[in-house]
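Numbering (our numbering), first residue to last: 16 to 249.
The structure appears right after this line, and notes come after that.
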C-alpha cells in the first residue's frame with residue numbers, strides 16, 4: 016500500500032532521515048518506535064507532504080507521490096493526526112469534525128459518519144457543542160482522531176497518540192486504534208510507548224538517528240532483548 020525507499024530529509028545542516036525505507040501493507044497496523052529526535056515525526060510529515068525529501072521515493076497505492084502537495088495527498092485518502100493533537104481550539108467539537116470532512120461531497124454519508132464517530136467516541140457526543148480548546152488532553156486526542164476519520168481515510172498516520180495522557184486514557188486510545196484498523200483502515204503508528212504500540216501492531220520498525228535499525232513482526236520485537244533494554248525498560 017505504502018512504500019518509502021531510501022528517503023533522505025534535511026533541516027538545514029541536520030540530516031533527519033538517512034536512506035530510510037519502510038513498507039506498510041493494506042490492512043496492517045505498522046508501528047515505528049524510537050527515542051525523541053530519532054526521526055519518527057519527520058517521516059510522517061514526509062509521507063503527508065508537509066516536508067519534502069531531498070532524495071528517495073514514496074509510492075502509495077502504486078502511485079508516485081513524493082512530490083505531491085499535502086492537499087493532494089489528503090485527497091488520496093491519507094489522514095495525519097499530528098503530535099500534540101492540533102485541534103481547532105476556538106471551534107466546537109462538531110465544527111472540528113466538519114473540518115475533517117471538508118473535501119467530501121456525500122452529505123448523507125457524512126451524517127452517517129458523524130454518528131459512527133459519536134459511537135466510537137461517546138465523550139465527543141456529550142461535548143459536541145463545547146469549544147475544543149476546553150476539552151481534556153484525552154478528549155482532544157479523540158477529537159483529532161475523529162476529525163481524521165471523517166475523511167474516510169484508507170491510511171491513517173498517528174503521531175504519539177498517547178503522549179501526556181493518563182494510563183486509563185492510554186488504554187482507551189489504543190483500543191480505539193485497534194477498532195479503527197478492524198473496521199478496514201490501515202494504520203501507521205508512531206509511538207514512544209513501545210510496549211503498547213508493539214502489543215497491538217502487526218509489524219514494527221525501530222528507528223535510530225534517522226535510520227531503520229530493526230524491523231520485524233511486532234510480537235518478535237516485543238521479545239527482542241535489545242528492544243526490551245532500550246525501549247521497554249528491560
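Note that beta-carbon positions come from the ideal geometry of N, C-alpha and C, so glycine has one too.
### For residue 130, the three-state DSSP class (helix, strand or coil)
The residue labelled residue 130 in the question sits at position 115 within the chain shown. Residue 130 falls in the helix class under three-state DSSP.
### Query
Taking one C-beta from the region 110 to 126 and one from the region 172 to 191 each time, how about it: are there three or more such pairs within less than 8 Å?
no
### Message
Is it the case that the region 38 to 57 contacts the region 201 to 208, given that we only count it when at least three CB pairs across the two stretches are under 8 Å?
### Response
yes
### Task
Determine the burial state of residue 225: buried for a count of at least 16 other Cβ atoms within 10 Å of its Cβ, exposed for fewer.
Translated into the one-based positions of the chain shown, residue 225 becomes position 210. When all chains shown are included, residue 225 counts as buried.
### Query
Given 8 Å as the limit, is there contact between the region 225 to 235 and the region 60 to 73, that is, 3 or more CB pairs closer than that?
no
### Query
Which whole-angstrom value is the C-beta distance of residue 192 and residue 202, which I expect to be below 8 Å?
Here residue 192 corresponds to residue number 177 of the chain shown, with the count starting at 1. Here residue 202 corresponds to residue number 187 of the chain shown, with the count starting at 1. Rounded, the Cβ-Cβ distance is 6 Å, consistent with contact.
### Task
Counting only the same chain and skipping the five closest in sequence on each side, list residues whose C-beta sits under 7 Å from that of residue 138.
For this step, residue 138 is matched to residue 123 along the chain shown. Contacts found: 154, 157.
### Query
Where does residue 177 fall in DSSP's three states?
As a first step, residue 177 is located in the chain shown; it is residue number 162 there, counting from the start. Coil at residue 177, not helix or strand.
### Task
Check whether the Cβ atoms of residue 159 and residue 101 lie closer than 8 Å to each other.
Along the chain shown, read from residue 1 onward, the residue named residue 159 stands at position 144. Along the chain shown, read from residue 1 onward, the residue named residue 101 stands at position 86. Yes, these two residues count as a Cβ contact at 8 Å.
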